[in-house]
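Numbering (UniProt numbering), first residue to last: 1 to 372.
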């Protein structure tokens with residue numbers, strides 16, 4: 001049976017800072033990759049920055065709730081076993097309320113950013129319809145639960161009085177059903193966003209190995225779904241544990257840090273698909289080539305590599321199976337290899353191949369065999 005793990009203030013500080021800093025590194029690398037390819041900054045990039053800002057805001061609320069409040073700590077009780085509603089508990093409830101709002105502004109825009117990235121890579125009427133629908137759903141989901149959390153208690157000040165939303169305050173709704181509906185719908189949306197590009201990728205005329213490699217770029221989002229599922233399990237557990245449980249600050253703590261974990265993992269997943277240009281630049285760098293030659297000189301066989309073959313793509317290139325479409329204006333001279341199969345649902349957008357789907361082939365000749 002799932003039990004609340006032992007929690008300490010130090011653990012709360014680590015959870016609030018480490019993953020947030022790692023997510024920041026991913027965002028910086030994302031913008032470096034855009035610079036390497038000399039691509040302009042798009043709306044999905046700015047949405048990731050927006051989400052990262054509110055991830056920091058959520059982390060700050062978590063730190064304050066631990067330092068000035070009693071997040072992750074047991075409440076003080078009087079001689080009759082009743083919780084003492086002191087200043088530390090009030091600080092915890094205030095930061096809990098603020099964090100519920102800021103987490104929505106971190107999680108929602110990240111989902112939309114990923115969908116906008118898909119739209120820059122793939123094109124087609126059906127695909128456009130699906131992604132537009134998902135963008136609307138995520139937007140409505142974000143706004144709806146943002147205001148549901150905001151007006152959980154009326155007036156709002158009741159949110160930090162007497163365990164609001166948990167049956168202890170007549171001015172507040174029963175928040176547990178709302179929290180559960182939020183996490184259930186969160187998991188469903190994440191799963192839908194994850195699988196959207198996979199059918200198009202598997203329609204490409206590529207070896208199975210390469211299809212798996214390209215799919216894995218997007219399937220990194222499984223990490224964020226795992227976090228969403230873990231959050232769902234925790235929220236279910238907390239909902240049952242809080243029935244008649246006076247130690248609110250201790251048992252509510254997991255619903256504070258799990259959304260932050262989810263938000264950071266989603267940001268990392270959204271950025272990972274954009275980092276390929278950096279890996280290419282690193283592979284072409286002088287120090288990497290020197291290291292490769294140094295390691296290769298120790299092998300018994302002779303190895304010779306050939307440059308990647310690239311097929312120029314112009315504005316008249318048609319990568320679809322009868323569907324109309326063209327490159328984005330101003331990108332006619334973009335050259336990338338596009339060994340692409342006709343797509344029944346749309347076509348790959350060659351103007352955005354640098355964002356993660358670039359088909360390359362390297363042939364290596366050794367003294368023993370020819371491999372591809």
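Positions of the beta carbon are idealized from the N, C-alpha and C atoms, including for glycine.
Integer Cβ distance of residue 151 from residue 105, believed to fall under 8 Å: About 16 Å; that fails the 8 Å criterion.
Range covered by the alpha helix (DSSP H) that runs through residue 65: 43-67
For residue 77, the residue or residues it bridges with in DSSP: 83
Contact between the region 262-279 and the region 220-235 (3+ Cβ pairs under 8 Å): yes
Nearest-angstrom Cα separation, counted from residue 256 out to residue 27: 23 Å
Contacts around residue 14, its chain only, beta-carbon distance under 7 Å, and the 5 residues preceding and following it disregarded: none
DSSP state of residue 122 mapped onto helix, strand, coil: strand
Integer Cβ distance of residue 66 from residue 12, believed to fall under 8 Å: 4 Å
Span separating the alpha-carbon of residue 191 from that of residue 79: 49 Å
Secondary structure of residue 211, DSSP reduced to three states: helix
Neighbourhood of residue 139 by C-beta, 8 Å cutoff - its chain only, sequence neighbours within 5 removed: 108 and 112
DSSP bridge partner residues for residue 172 (one or two, in chain order): 153
Cβ neighbours of residue 24 in the same chain (closer than 7 Å, five flanking residues each side left out): 52
Cβ-based burial, residue 20 [other Cβ within 10 Å; buried from 16]: buried
Close Cβ partners of residue 94 (< 6 Å) along its chain, the five nearest in sequence each way excluded: 160
With 16 other Cβ atoms within 10 Å as the buried cut-off, status of residue 132: exposed
Contact check, residue 134 vs residue 193, beta carbons under 8 Å: yes
For residue 190, the three-state DSSP class (helix, strand or coil): helix
Inter-residue spacing [alpha-carbon to alpha-carbon] between residue 234 and residue 183: 10 Å
Which listed residue (16, 29, 8 and 22) has its alpha carbon closest to that of residue 278: 29
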